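Here's the structure we're looking at; comments come further down.
Numbering (our numbering), first residue to last: 2 to 127.
Right under this line is the structure:
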């Protein structure tokens, strides 16, 4: 098969859900890191990677990551502040990824936006 045929066989990614499903599939097949997936997505491997769909995909992965940190912290009986420190590092990681891929124009999520320490939404005030 010629190299272009493999790319042509890939469906265009039109939504955050499509990106998320591609990420999950690759996570199971290759144990791909988020950064590696984003590099491939930004290179066009899965179709267009920009705007609201890309932002919503990254927001969803961030929310899942933070929820996982909270759940695993409770299961492991982490000391107060340990899970929060891990969550802060992940928030910084996602902020850097948004900056790197030009997606820092605000969160695309809805009411399930990542919570702040005060219990409110992390969505920027408008």
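Every residue gets a Cβ at the ideal spot worked out from N, C-alpha and C, and that includes glycine.
Being a predicted model, the structure only gives us computed values, none of them experimental.
Around the Cβ of residue 56, a 10 Å sphere holds 16 or more other Cβ atoms; the residue is buried. The segment 40-51 and the segment 84-100 do not touch, with fewer than 3 CB-CB distances between them shorter than 8 angstroms.
Under the three-state reduction of DSSP, residue 52 is assigned to helix. The beta carbon of residue 98 lies closer than 8 angstroms to those of 35, 36, 39, 59 and 104 in the same chain, with the five residues before and after it left out. Under DSSP, residue 30 shares a beta bridge with no residue. In the three-state reduction of the DSSP assignment, residue 105 falls in the coil class, being assigned neither a helical nor a strand state. In this chain, the alpha helix (DSSP H) harbouring residue 43 covers 35-43. Here residue 80 is exposed, its C-beta having fewer than 16 other C-beta atoms within 10 Å. Residues 58, 61 and 62 of the same chain have their beta carbon placed closer than 8 angstroms to that of residue 21, with the five preceding and five following residues left out of the count. Taking every protein chain shown into account, the CB of residue 25 has fewer than 16 other CB atoms within 10 angstroms, so this residue is exposed.
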